[in-house]
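Heads up: the structure comes next, in structure tokens.
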Amino acid sequence: MGIAGERELEMARGIASRIDVALWHDEVEMHVPVEVAERGRAAGAEHGIDLLVSAGGGSTTGLAKAIVLISGVPIRSTPRWQGRRSGP
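Using our numbering, the first residue of the sequence shown is number -11, and each one after it goes up by one.
Below is the structure:
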């Protein structure tokens, strides 16, 4: 399962272009509400995913980590780095 927010989706698809991604999940929110993590876990379980590929900033990485904590699926992450804090 690939995880990326709307802004990072094109970058993420490029990074994952050499693997078969069964599902793209883009419901990314700051501070990762429990409900969002649970919906991501449920979507992954429904598609039988066995790996999370995360590409993006802190919220994307946080969502991937939250899903891993409740599912046990391994993760590979490519953080986006702008050299500055992008939040408020």
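All residues carry an ideal CB built from backbone N, CA and C; glycine is no exception.
As the structure is a prediction and not an experimental result, all values here were calculated from the model.
Between Val56 and Ala4, the C-beta spacing is not below 7 Å. With contacts defined as CB atoms closer than 7 Å, Ser65 and Val16 fail to qualify as a contacting pair. In this structure Leu51 is in contact with Val24, their Cβ atoms being roughly 7 Å apart against a cut-off of 8 Å. Look at Ile58 here: in three-state DSSP terms it is helix. Considering only Pro67, His19, Ser59, Gly44, the residue with the shortest C-alpha distance to Glu(-6) is Gly44.
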